[in-house]
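Numbering (the UniProt record's numbering), first residue to last: 1 to 911.
Take a look at the structure set out below.
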Amino acid sequence: MAASHTLQTVAAHVPFADLCSTLERIQKSKGREEKIRHFREFLDSWRKFHDALHKNKKDVTDSFYPAMRLILPQLERERMAYGIKETMLAKLYIELLNLPKDGKDALKLLNYRTPTGARSDAGDFAMIAYFVLKPRCLQKGSLTIQQVNELLDSVASSNSDKRKDLIKKSLLQLITQSSALEQKWLIRMIIKDLKLGISQQTIFSVFHNDAVELHNVTTDLEKVCRQLHDPSVGLSDISITLFSAFKPMLAAIADIERIEKDMKNQGFYIETKLDGERMQMHKDGDVYQYFSRNGFDYTQQFGASSREGSLTPFIHGAFRPDIQVCILDGEMMAYNPNTQTFMQKGVKFDIKRMVEDSDLQTCYCVFDVLMVNNKKLGRETLRKRYEILSSTFIPIQGRIEIVQKRQAHTKNEVVDALNEAIDKREEGIMIKHPLSIYKPDKRGEGWLKIKPEYITGLMDELDILIVGGYWGKGARGGMMSHFLCAVAEKPPPGEKPSVFHSLCRIGSGYTMKELYDLGLKLAKHWKPFSKKTPPSSILCGTEKPEVYIEPCNSVIVQVKAAEIVPSEMYKTDCTLRFPRIEKIREDKEWHECMTLDDLEQLRGKASGKLASKHLYVNENDEPREKKRKAAPKMKKVIGIIEHLKAPNLSNVSKVSNVFEDVEFCVMSGTDQHPKPELESRIAELGGYIVQNPGPDTYCVIAGSENIRVKNIISSDKHDVVKPVWLLECFKTKSCVPWQPRFMIHMCPSTKQHFAREYDCYGDSYFVDTDLNQLQEVFSGIKNSSEQTPEEMTSVIADLEYRYSWDGSPIAMFRHHTVYMDLYGVINDLNTKIRGTKLAITALELQFYGAKVVSCLAEGVSLVIVGQDQSRVGKFKAFRRTFKKKFKILKESWVTDSLDQGELQEENLYLI
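Next comes the structure, spelled out in C-alpha cells:
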C-alpha cells in the first residue's frame, strides 16, 4: 500500500521532455516577464495536476521539489554531488556513441572550450554535445521527471561510493532514453549551470512570496517546496530551528571614515576576524550536528556524539549541566598546541578533513548563540546574546573558546585594532553593533568587516608575467578566462631573464572588456602547451596551462593578493591567496617583472602576508589628506540637456569655483591622466577628494572597473563616471552635463532621469546630434549580423506594430510560422516542376514576412501542401501530438492572398 502511495506523485506522470521544452522557452525568451510567464505556466499546470491527484488527502508530502531541484541544481550541491565534469562526459559520449577518437565530433566534445569557426559555442559543452547528439538520438525521450531524479540520485550515490561502473550504467540509461534536447538540459543540470538568464531569486519569488526568506533560513530546497506548496498560504513564523542548516548572518565591508556614523555614534564591539571555516553547531543532549555557511553537513568529521569525531568528544563536557539544547555560530579553526597559536587558512591544511594523527587539533571559536534549551535568541540584541553565550559553556583552550571582544567608541580605536591585527598576521577585524539582532543571510545589518586589502595603500602588489592561458566557459567562452603567471629567474648582469617559474593562476579582477582587450593583444602569440615537450623558458609545477606564450611576447600584470602561501602546484613552491589583476603594466617591458629573489624577500617580510604597512589617520602620525568640514551636498546637475537649455550654473561665480563644495571619489584614472593628476585638477576647481564614497559624494570617477569599483556598482548608491567627463569639464572650465557616453553606472534616480531623455542606445529624444555622436550611438547597437533570423523577425514585427506598418502588404505573413511540404515531391519531370513552384512559393512567403521552417515542430502555425497531397494523412496524425494545432492549407491560399493584396480566409483552403 505504501509503495503504491509513493508512486502517486506528479513527477511520476510529467515527462522530462515537458520540463526541457519549458527551460528551452525560458532561455530563448528575451524579456524577464516572458521568462517568468513560461515558468509560471509550467508551475501552475503542476499545481493543478497535484490538486487533482491528491484530492481530499491530508499531509501529502508530494511537491514541486522534483522539478525545482532540476531547475536550481546549484542549490543541491551536497545531495546531487555527481563528481562529473565536462571532460568525463565527453569521454563517456565518445565511448557510448562509438565515435572515432580522432574524428571531428570526438574532438569537438573533448576540445569544447577551444573556439572554432566564425560562430562558436566555445565553452558551452551542452550546446556542442547537442549538435553532436542530434542526428544520433531519439526525437523524444521516454523518461519522467521522477525517473530522471532517481537516475541522477543513483549517479550521486555511486560517486560517493566511488563506483565508476555504476555511474556509467546510470548515465547510459539517461542517454539512451533521452532526445538530444533533453540531454542538453541534463548536461546543464549535472554541471549545475542552466544559463536560463533568470535569477534564482526570481524563480523563488514566482514560486512563493516567502520562498527566498525560508530558503535563506533553512537552505533546504525540499522543505521550501513542501511547506510553501500552496501560494495562498504564507509562513507565519520563519525562524532558526534545531538540526536544520541556516545561512548565517554576514558582515559588510566597512568604510573606516564612516565607522562612527555607521555605528550611530554609539559604542561598539571590535573582534578579531578569524581565518577559518564558518560553522554552526546544533546540540541536543549527546546528539550534535555541524553545518558550513553553505549548509553542507560536516557532522561526520567533527562528531555526531561525544564518542566520535575530531571535536565533539573534547567539548561535550564543557557545556553547563542545565544546557541541554543549543545552537552556536562560530569559526572552526586549526590550533597548534605546541605553539599555542591558531593556524591561518592559507597554510596547507583543511580544517574539514583534519586527520587524528595531525600535529594540529580542531578548535571551535564561538562568537554567537541562537538558541538555548527551547528559547530562540535571534531577536535578542547582540549584547544580550553575548551575556547568554558566556553562561552556556566553560571554554577549553584549543578546543572550544569564546571569541574575545573589546568595546570601542572611536575611529582611532578601530585603526589601532586593524594595525594590531596586521602586526599579528591576522586576517582583519570585525565591528558589531551591540543592539543588532541576528538576521540569517543578511549582510551588514550592524556587522562590518575590515581587511587590509580593502584599504588602498596597505597591500604590497606584485608585477608578474603572464606565461599561460586557459579557455573560458559560459559568458567567457571563446576567450582566455584565466592566466598562469610567473616570476623570473634572476639573469646575469646586463642580460634579460630567460627562465620563468610559475606562481599562480588568476581569473578575477578585470571586466569582460578588459579581458577581451587583453585576449586580442595576446591572441596571435598563444601556442598549445604540450606536457611531453614543454617550453624550456617556462617551468611549471603540477599545474599546467592549456596554451602558453613566449615571455618576450607577453605582458606584465599588477596583481593584488591577501598573502603568499605554500603550494606544490607551482614551480615556486608557493602561490598567491585570493589573487586578482589590478591592471596591465603598459609602462613595463616583459623582462622587468618580479624575480624569484623579490618573491622570497616579500615572502619573508611578513610571514607571507602582503599587508605589512600601517594605516594612519591623524596628522601627527603620517601626512594625510587635509581635514575639512563636511561640504554641503551639491544638487546634481545631471547630464540631460533640458530641451536645449544650458544647465543652471548661476551659483558659480568664478572659474576656480566650478566644483566648489563638490565631493569626488577618484578610484582610478587613465594611462594619459592618472589618478593623482585628476585629483589635483579637481582641487584646482574647488572640489574635495575622498578615498571612499559616502552619502555626500557627488560621483565616483573610474578609469577601469577593478574590484572596488565593482563593489560600488553593486551597492547601487553612487553614479560611476568615466574620466573623459572630467577632462571635458577641465577643458571648458564648466560643469559639463552628463550624457550616456560618460556613464559607467547610474544610481536609480539618475537612471530614471536619463530614461526620460534618452533611448536605450544613448540617443537623445530632444537634442540634435552630430556625426561623432551618431557613430558612437551606432557602435553601441548590436550588429544585426550577430542576431538570428528569429530575433530579427521579432524586432521587425515589433517595429511594424509600433509604427502601424503591420497593415503593409510586405508584412502580410509576418505572424505565421510555415512548414512547406517540399519533401513530398517525387523525382519525375512533372513533379520536379511542381516542386520548384512550391519552393518559389516558400521564397515568396519569406519575402512577405513569414518564418519558413524546414522541420515540422511545435510552434508551426501552417503547413502548406502543393498538388501532391500523399503526406496529408501523416501530417494529421502528427498534429495530434502537438499542444498548439496547425492548419493544413492548399498552396493556392498563398498565391490568392498575394494576388488580392491581403490574407484570404484560411478555412476556404483547408485540406
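Backbone N, C-alpha and C define an ideal beta-carbon position, used for all residues, glycine too.
The structure displayed is predicted, hence computed values, not measured ones.
Just verifying my parser: in three-state terms, what is the DSSP assignment at residue i?
i           : result
residue 8   : coil
residue 773 : helix
residue 873 : helix
residue 488 : strand
residue 566 : strand
residue 898 : helix
residue 525 : helix
residue 447 : strand
residue 719 : coil
residue 814 : coil
residue 240 : coil
residue 912 : Outside the displayed span of the chain (1 to 911) sits residue 912, for which this structure offers no information.
residue 438 : coil
residue 176 : helix
residue 890 : strand
residue 429 : strand
Using the C-alpha atoms, what's the distance from residue j back to residue i?
i           : j           : result
residue 92  : residue 105 : 13 Å
residue 410 : residue 260 : 6 Å
residue 143 : residue 17  : 8 Å
residue 157 : residue 234 : 35 Å
residue 904 : residue 852 : 19 Å
residue 855 : residue 472 : 33 Å
residue 529 : residue 560 : 27 Å
residue 268 : residue 504 : 39 Å
residue 715 : residue 893 : 58 Å
residue 819 : residue 843 : 12 Å
residue 102 : residue 862 : 43 Å
residue 839 : residue 136 : 29 Å
residue 431 : residue 89  : 47 Å
residue 538 : residue 468 : 9 Å
residue 124 : residue 186 : 13 Å
residue 544 : residue 519 : 19 Å
residue 595 : residue 466 : 14 Å
residue 112 : residue 128 : 7 Å
residue 491 : residue 450 : 40 Å
residue 859 : residue 887 : 12 Å
Classify residue i: buried if its beta carbon has 16 or more other beta carbons within 10 angstroms, exposed otherwise.
i           : result
residue 14  : buried
residue 131 : exposed
residue 440 : buried
residue 679 : buried
residue 885 : exposed
residue 289 : buried
residue 552 : exposed
residue 564 : buried
residue 367 : buried
residue 536 : exposed
residue 899 : exposed
residue 642 : A caution first: residue 642 carries a pLDDT of 33, below 50, which makes its placement in the model too unreliable to give a value.
residue 184 : buried
residue 711 : exposed
Could you pull the start and end residues of the beta strand (DSSP E) that residue i belongs to?
i           : result
residue 253 : 250 to 253
residue 580 : 580 to 584
residue 575 : 574 to 577
Can you tell me where the alpha helix (DSSP H) with residue i in it begins and where it stops?
i           : result
residue 559 : Premise fails: residue 559 lies in the beta strand (DSSP E), 556 to 560, not in any alpha helix (DSSP H).
residue 756 : 748 to 757
residue 397 : It is not in any alpha helix (DSSP H) - residue 397 carries neither H nor E in the DSSP assignment.
residue 46  : 32 to 53
residue 503 : First-last for residue 503: 500 to 506, but that is the beta strand (DSSP E), not the alpha helix (DSSP H).
residue 848 : Residue 848 -> no alpha helix (DSSP H), and no H or E assigned at all.
residue 133 : 125 to 133
Measuring only from the beta carbon, is residue i closer than 7 Å to any heavy atom that is part of the ligand FAD?
i           : result
residue 500 : Summarising the ligand content, the structure contains no ligands, and the ligand FAD is consequently not present.
Exercise. Write down every uninterrupted run of the beta strand (DSSP E) in the region 267 to 327 whose length is 3 residues or greater and which is fully enclosed by it, in chain order.
Key: Runs found: 268 to 273, 277 to 284, 287 to 292.
Quiz item: Going along the chain, which unbroken runs of the beta strand (DSSP E) with 3 or more residues stay wholly within the region 65 to 100?
Solution: Within the region 65 to 100, not a single complete beta strand (DSSP E) segment reaches 3 residues in length.
Quiz item: Mind pulling the beta strand (DSSP E) runs of 3 or more residues that sit fully within the region 357 to 388?
Solution: Along the length of the region 357 to 388, whole beta strand (DSSP E) runs at least 3 residues long occupy 361 to 372, reported in chain order.
Quiz item: Where in the region 145 to 172 do unbroken runs of the beta strand (DSSP E), each at least 3 residues long, occur, reported from the N-terminal end onward?
Solution: If we require 3 residues or more, the region 145 to 172 turns out to have no beta strand (DSSP E) run fully inside it.
Exercise. Pick out the complete alpha helix (DSSP H) segments inside the UniProt domain "BRCT" (654 to 743), 4 residues or longer, and give them in chain order.
Key: Counting only runs of 4 or more residues that sit fully inside the UniProt domain "BRCT" (654 to 743), the alpha helix (DSSP H) segments are 675 to 684, 707 to 715, 723 to 732, in chain order.
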